[in-house]
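Visitor: Residue numbers (our numbering): 355 to 1132.
Pasting a structure here, questions to come.
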């Protein structure tokens, strides 16, 4: 491995200060809790069991009455605090175990809590058996069963998906009209906001169809005496609202309520917690607003940010010592997250004074990125310095792991994919494009014919039945042509079919990337964008990105045959890998999205795709651009700015979560090209290195700890370009609007479809834009 491929700083911040966290005081309860204090005996026994608490941890453990918000930074020992406080209430405060309720989000976390509480001083088996330490769903299902609820839990994902596909067929919809996981997410989001299927919108055809499918899905559950886990919370909420006596019984039983991972709670969960905690409000919530990354599941950082509004006089304790990583990794995390405006001000310290520096890569492409990382891992394992289990590869979205997954498969390197385990080429969006390539090689590939029929606006079953009947009478070299004799064939469909047949025949001699571009240009991009069902299930940017990723993959091959052979090879290998069925990591590299990694830690972390358009994601950048356009146009500027800020801040929280998963080593890779286009190093990495002065001077930026101020919107012509920042600048090609009062300008994309244009319309005022240059901050 060429060590020079790694850099100590991201490219673009040469000479800037490398972030380093302060090293925390080494004092623990051993020094902080004096022998004469009434609870000293408890802390001495904790110390004997290996639990040494720092100052803010001790304060949280000692908290007795009233609401408490415990801000637990990454790696700050929140679980130790929760179990130590439980023991403190039992053995020092004399609270009965049955009066305690601990709620968390995973069975694994709940089991770990019970096991560790059982080992605490002064806690016996009887206490543990009476203690309620459960997940939200487990606790409320336990509660409902005691009230006589007998419905079975319908939770097996595979069965849910089969049922939804069956319902779609019954409604006359294509079986893949809507991905089942999308339908379940829509329904879950509704329920987590205390709604039912009848509350779902139906303003578009897609919304009407999805609502109809989910109505039948809910009816099937009712008819078959089943409920799902979302129903458990919703039924419990309704029951407690309708039967005040039941709620009173719970409030009398549970005098102390503790909630772990509070930043992940949704509206329904929070309502249930608030109801049970009343009227005593001995409520301890533990969480980190900087790790709120599940907004798509209803999690809201406002629950932490506005805790004192609901509970005036609540105590707030910040656990700000990171026990996981060294000062450089903790410092990078601080440098990234301090630029968020909507957050609680906190700066983590490192518990230990040594540790390796994060290292940065700037490969040209995702394929080069994968090769560099895998070469490094193999060299470390072969040298005996590491095992495969030590490594985790994290990425913003599953579509970003294509190059990495393929390389691991081809080189037979052990890995475990914590996602769906699906290759790019198997995705419903991509497979029709690949099947057009297959048909260019073999026009009698009936599986490929069936898969492309929806792109011809034809029913799969009806179309294939006709083709097979006609083939039995007179076989054709290209069986698709039989569709011209399909009864009721409309003229426009016949024209499209002939065009498609000509296209397929002409693809064979092209190189794969040009063939894919021709497919997209001639019909597929329009087919996807015009299909309301597709728009309802995947963000438009995501659809385009996946197709761009297919082009990026195809660029490596000089013939369609070699590309198809490659796809078949990795698909077969992936299928074999999936059949192993091993769910534990074992001695394998872990592959997962950043969302999946939250709460976990690894000796070595590779964050891949830390480039603009990947992290932050293009959808967040588009929201930011839309904000500026609406600001200029004067329409809904405040709302647009709020949405854009929220989107970018969630992306920054993702970057923060990713870097803080690393215990010993952290590698951050920022490909210079992303799906054929130039990609800058992620702003999140660059901004972590800025000094406070440079940060304050940059347009639209905020000082650390600046509270909840809204970002100022500065238009392009409001500042002279050369004086727009006190940092370094460079000159870039741009499109400038020629309109007299319009401030519009956009960067030119090298190698894009606009290269041949002499001018183009301004997206703000529709005046002509001309090519120019502009001095902008690096």
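For every residue, glycine included, the Cβ atom is placed at its ideal position computed from N, Cα and C.
Taking residue 651 and residue 620 to be in contact with their CB atoms under 8 Å, please state how far apart those CB atoms are, rounded to whole angstroms.
Guide: Counting from 1 along the chain shown, the entry for residue 651 is found at position 297. Counting from 1 along the chain shown, the entry for residue 620 is found at position 266. Their Cβ separation, rounded to whole angstroms, is 7 Å, which keeps residue 651 and residue 620 in contact under 8 Å.
Visitor: Quick one: Cα of residue 1142 to Cα of residue 536, how far?
Guide: This structure does not reach residue 1142, given that the chain is present from 355 up to 1132, and the question cannot be answered.
Visitor: Count Cβ pairs between the stretch 674 to 693 and the stretch 705 to 721 that sit closer than 8 Å; are there 3 or more?
Guide: Short answer: they touch.
Visitor: What would DSSP say about residue 612, mapped onto helix, strand or coil?
Guide: For this step, residue 612 is matched to residue 258 along the chain shown. Residue 612: strand per DSSP, three-state reduction.
Visitor: I want to see whether chain B comes within less than 8 Å of residue 1100, judged by CB atoms only; does it?
Guide: Absent from the structure is chain B; it holds one protein chain and no more.
Visitor: Using a threshold of 8 Å, state whether the C-beta atoms of residue 918 and residue 795 are closer than that.
Guide: As a first step, residue 918 is located in the chain shown; it is residue number 564 there, counting from the start. As a first step, residue 795 is located in the chain shown; it is residue number 441 there, counting from the start. Yes, they are a contact pair.
Visitor: What distance in whole Å lies between the Cβ atoms of residue 968 and residue 649, which are believed to be in contact at a cut-off of 8 Å?
Guide: Start at 1 with the first residue of the chain shown, and residue 649 comes out as number 295. Start at 1 with the first residue of the chain shown, and residue 968 comes out as number 614. About 19 Å; that fails the 8 Å criterion.
Visitor: Note down, in chain order, each residue of its chain lying with its Cβ closer than 8 Å to the Cβ of residue 740, except the 5 sequence neighbours on either side.
Guide: Numbered from 1 along the chain shown, position 386 holds the residue referred to as residue 740. These residues qualify, in order along the chain: 731, 734, 957 and 958.
Visitor: In chain order, what residues of the same chain have a beta carbon less than 8 Å from the beta carbon of residue 363, not counting five sequence neighbours either side?
Guide: Numbered from its first residue, the chain shown carries residue 363 at position 9. 370, 372, 714 and 1043.
Visitor: Could you compute how far the alpha carbon of residue 583 sits from the alpha carbon of residue 491?
Guide: Position 229 of the chain shown, counting from 1, holds the residue named residue 583. Position 137 of the chain shown, counting from 1, holds the residue named residue 491. Between residue 583 and residue 491, the C-alpha separation is close to 6 Å.
Visitor: If you compare alpha carbons, which of 1113, 637 and 688 is closest to residue 667?
Guide: By one-based count along the chain shown, residue 667 stands at place 313. Closest option to residue 667, Cα to Cα, is 637.
Visitor: Looking at residue 762 and residue 728, is the spacing between their C-beta atoms short of 8 Å?
Guide: As a working mapping, residue 728 is identified with position 374 in the chain shown. As a working mapping, residue 762 is identified with position 408 in the chain shown. Contact flag set, yes.
Visitor: Along the chain, where does the beta strand (DSSP E) containing residue 943 start, and where does it finish?
Guide: Translated into the one-based positions of the chain shown, residue 943 becomes position 589. Unbroken beta strand (DSSP E) run through residue 943: 943 to 947.
Visitor: Could you tell me which of 950, 961, 1001 and 814 sits nearest to residue 972, measuring between CA atoms?
Guide: As a first step, residue 972 must be located in the chain shown, where it is residue number 618. For residue 972, the nearest C-alpha among the options comes from 1001.
Visitor: Tell me the DSSP secondary structure of residue 703 in three-state form.
Guide: Position 349 of the chain shown, counted from the first residue, corresponds to residue 703. If DSSP states are grouped into helix, strand and coil, residue 703 belongs with the strands.
Visitor: Helix, strand or coil for residue 374 per DSSP?
Guide: Numbered from its first residue, the chain shown carries residue 374 at position 20. Three-state DSSP puts residue 374 in coil, outside helix and strand.
Visitor: Is DSSP giving residue 1101 helix, strand or coil here?
Guide: Working through the chain shown from its first residue, we reach residue 1101 at position 747. If DSSP states are grouped into helix, strand and coil, residue 1101 belongs with the strands.
Visitor: Can you look up residue 648 in the DSSP assignment and give me helix, strand or coil?
Guide: For the purposes of this step, residue 648 is taken as the residue at position 294 of the chain shown. Residue state, collapsed to three classes: coil.
Visitor: Which one or two residues does DSSP pair with residue 513 in a beta bridge?
Guide: Indexing the chain shown from 1 puts residue 513 at position 159. Note: residue 513 sits in no beta bridge, so no partner.
Visitor: Strictly by DSSP, which residues pair up with residue 488?
Guide: Counted from its first residue, the chain shown places residue 488 at position 134. Answer is 457.
Visitor: Tell me which residues share the same chain as residue 864 and place their Cβ nearer than 8 Å to its Cβ, disregarding the 5 neighbours each side in the sequence.
Guide: Taking the first residue of the chain shown as position 1, residue 864 is located at position 510. The residues are 872 and 914.
Visitor: Just to confirm, are residue 1124 and residue 1100 a CB contact at a threshold of 8 Å?
Guide: Counted from its first residue, the chain shown places residue 1124 at position 770. Counted from its first residue, the chain shown places residue 1100 at position 746. No, the pair does not count as a contact, with Cβ atoms beyond the cut-off.
Visitor: Helix, strand or coil: which one does DSSP assign to residue 962?
Guide: Taking the first residue of the chain shown as position 1, residue 962 is located at position 608. DSSP places residue 962 in coil when its eight states are reduced to three.
Visitor: Whole beta strand (DSSP E) runs in the stretch 659 to 716 with 3 or more residues, listed along the chain?
Guide: Those beta strand (DSSP E) runs which fall completely within the stretch 659 to 716 and span 3+ residues are 669 to 673 and 713 to 715.
Visitor: Which first and last residues belong to the alpha helix (DSSP H) in which residue 795 is found?
Guide: Translated into the one-based positions of the chain shown, residue 795 becomes position 441. Per DSSP, residue 795 belongs to the alpha helix (DSSP H) from 785 to 795.
Visitor: Please state whether DSSP places residue 1006 in a helix, a strand or coil.
Guide: Counting from 1 along the chain shown, the entry for residue 1006 is found at position 652. If DSSP states are grouped into helix, strand and coil, residue 1006 belongs with the helices.
Visitor: Assuming residue 1015 and residue 951 form a contact by the criterion Cβ under 8 Å, report the distance between their Cβ atoms to the nearest whole angstrom.
Guide: One-based indexing of the chain shown puts residue 1015 at position 661. One-based indexing of the chain shown puts residue 951 at position 597. Confirmed, Cβ separation roughly 5 Å.
Visitor: For residue 603, which option in 644, 657 and 633 has the closest C-alpha, if you only look at C-alpha atoms?
Guide: As a first step, residue 603 is located in the chain shown; it is residue number 249 there, counting from the start. Selected option, being the one with the closest Cα: 633.
Visitor: Give me the Cα-Cα distance between residue 562 and residue 785, rounded to the nearest whole angstrom.
Guide: Position 208 of the chain shown, counted from the first residue, corresponds to residue 562. Position 431 of the chain shown, counted from the first residue, corresponds to residue 785. Residue 562 and residue 785: Cα-Cα distance of roughly 27 Å.
Visitor: Excluding the 5 residues flanking residue 568 on each side, which residues of the same chain have their C-beta closer than 8 Å to its C-beta?
Guide: Taking the first residue of the chain shown as position 1, residue 568 is located at position 214. Excluding sequence neighbours, residue 568 sits near 537, 540, 541, 551 and 554.
Visitor: Put residue 571 into one of helix, strand or coil per three-state DSSP.
Guide: Position 217 of the chain shown, counted from the start, is the residue given in the question as residue 571. Helix, per DSSP.
Visitor: Within this structure, are the beta carbons of residue 614 and residue 458 separated by less than 8 Å?
Guide: In the chain shown, counting from the first residue as 1, residue 614 sits at position 260. In the chain shown, counting from the first residue as 1, residue 458 sits at position 104. Taking 8 Å as the Cβ cut-off, residue 614 and residue 458 qualify as a contacting pair.
Visitor: Can you look up residue 971 in the DSSP assignment and give me helix, strand or coil?
Guide: Translated into the one-based positions of the chain shown, residue 971 becomes position 617. Three-state result, residue 971: strand.
Visitor: Helix, strand or coil, according to DSSP, for residue 923 in the structure here?
Guide: On the chain shown, position 569 is the one that residue 923 refers to. Three-state result, residue 923: helix.
Visitor: Thinking just about the alpha-carbon of each residue, which of 513, 834 and 400 is nearest to the one in residue 852?
Guide: By one-based count along the chain shown, residue 852 stands at place 498. Closest option to residue 852, Cα to Cα, is 834.
Visitor: Quick one: what's got a C-beta closer than 8 Å to residue 417's C-beta in the same chain, skipping five residues either side?
Guide: Position 63 of the chain shown, counted from the first residue, corresponds to residue 417. Around residue 417: 439, 638, 669 and 671.
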